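Colleague: One structure is given below, represented as structure tokens, and several questions about it will come after.
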Amino acid sequence: MKYSKIILIALLTAIGMNFSLAQGMTPGVPAGWTFNDVAQEKYQIGVDTTIGSKEHPVLYIGAKQAKENDFASLTQVIESGAFSGKVVELTVSAKFIGDSKNSEFWIRCHKSEKSKKWNAIASSFGKEMQDWSKVSMDMKLPADGCQLEIGIGVRGQGQLWIRDIRFNTATIDQKTLERKPLAERVKLAEPQAEFKNLNFSER
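Given below as structure tokens:
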């Protein structure tokens, strides 16, 4: 009986958290971004008004009823243009609840299916972050250009809050070039003219 009560309390707590979040959510994908919910509506996305403000929005991506191998991603793609041949850096401020390997942030450079050298990803796992933490990664781009993607992913039952995305050139290549599971599963979107709405203020 005691064990059953513990399960019931945990279930009611989870329901209460989801209800509270729903009350403070303005659902929708921010302008300029592509949301890829591979799990088919098993994740929710929107501005969390209980944390951020109109001037400083906080975006939430989290599981509703996802399984461990389900995932969702938020990406933008541009032609590298003036960034070609330079070291670029992506920095994100984030909070994450869940397995530390179930959130990921990345830069991807896609040149062609035949050019393995520049089908490259620099990515970083998130951590169990109850407070805001900075996640950053960098990549040296090819001089003759590529399609350049920035991305954020959540897998399984993860819950992620994001703000203050910055994408800039960097002076030093920290060589964080790695391959991680979420980034490689995301289909590349059509490129746009420039990265936009990195603070999620446009709907």
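Counted the way mature numbering (1 follows the signal peptide of the UniProt record, and there is no 0) counts, the sequence shown spans residues -22 to -1, 1 to 181.
The C-beta atom is built at its ideal place from N, Cα and C for all residues, glycine as well.
Predicted model, so just to flag it, every value in this text is computed and none were measured.
From which residue to which residue does the alpha helix (DSSP H) around Pro159 run?
Modeller: Taking the first residue of the sequence shown as position 1, residue 159 is located at position 181. Residues Pro159 to Arg163.
Colleague: Can you tell me whether Gln54 is buried or exposed, with buried defined as 16 or more other CB within 10 angstroms of its CB?
Modeller: Sequence index remark: in the sequence shown, residue 54 carries index 76 (1-based). Gln54 is buried by the Cβ-count criterion.
Colleague: What does the alpha-carbon distance come out to for the pair Glu162 and Gly131?
Modeller: Here residue 162 corresponds to residue number 184 of the sequence shown, with the count starting at 1. Here residue 131 corresponds to residue number 153 of the sequence shown, with the count starting at 1. Spanning the two alpha carbons is a distance of roughly 11 Å.
Colleague: Out of Pro159, Phe173 and Gly10, which has the shortest C-alpha to C-alpha gap to Leu68?
Modeller: Locating residue 68 in the sequence shown gives position 90, counting from the first residue. Closest option to Leu68, Cα to Cα, is Phe173.
Colleague: Taking 7 Å as the limit between beta carbons, can you name the residues of its chain near Leu(-15), skipping five residues before and five after?
Modeller: Numbered from 1 along the sequence shown, position 8 holds the residue referred to as residue -15. Caution applies to Leu(-15), whose pLDDT of 40 falls short of 50 and renders its modelled position unreliable; the model cannot decide the point.
Colleague: Measuring only the C-alpha atoms, how far is Ala171 from Glu57?
Modeller: Start at 1 with the first residue of the sequence shown, and residue 171 comes out as number 193. Start at 1 with the first residue of the sequence shown, and residue 57 comes out as number 79. Cα-Cα distance, rounded: 7 Å.
Colleague: Whose C-beta lies closer than 7 Å to the C-beta of residue 183 among residues of the same chain, with five residues either side of it excluded?
Modeller: Residue 183 is absent from the model: the chain starts at -22 and stops at 181.
Colleague: Exposed or buried, what is Gln18 when buried is set at 16 or more other beta-carbons lying within 10 Å of its beta-carbon?
Modeller: Locating residue 18 in the sequence shown gives position 40, where the first residue counts as 1. Exposed, by the Cβ-count rule.
Colleague: What residues in its chain sit with their C-beta under 6 Å from that of Ile75, if we drop five residues either side in the sequence?
Modeller: Locating residue 75 in the sequence shown gives position 97, counting from the first residue. Listed in chain order, the non-local C-beta contacts of Ile75 below 6 Å within the same chain comprise Gln137, local neighbours out to five positions each way being set aside.
Colleague: Below 8 Å, can you find three or more Cβ-Cβ pairs linking the region 28 to 39 to the region 138 to 145?
Modeller: yes
Colleague: Compute the distance between the beta-carbons of Leu52 and Gly129, then report whether it is under 8 Å.
Modeller: Translated into the one-based positions of the sequence shown, residue 52 becomes position 74. Translated into the one-based positions of the sequence shown, residue 129 becomes position 151. Cβ atoms of Leu52 and Gly129: closer than 8 Å.
Colleague: Could you tell me which of Asp15, Asp122, Glu180 and Gly30 sits nearest to Gly63, measuring between CA atoms?
Modeller: The sequence position of residue 63 within the sequence shown is 85, counting from 1. Out of Asp15, Asp122, Glu180 and Gly30, Asp122 has the C-alpha closest to the C-alpha of Gly63.
Colleague: Assign residue 182 to one of two classes, buried (16 or more other C-beta atoms within 10 Å of its C-beta) or exposed (fewer than that).
Modeller: It is not possible to answer for residue 182, since the shown part of the chain is limited to -22 through 181.
Colleague: Quick one: grab the DSSP three-state call for Phe13.
Modeller: Along the sequence shown, read from residue 1 onward, the residue named residue 13 stands at position 35. In the structure shown, Phe13 sits in a strand (DSSP, three-state: E or B).
Colleague: Going by C-alpha to C-alpha distance, which of Arg181, Lys20 and Leu119 sits closest to Glu46?
Modeller: Locating residue 46 in the sequence shown gives position 68, where the first residue counts as 1. Comparing Cα positions, the closest option is Lys20.
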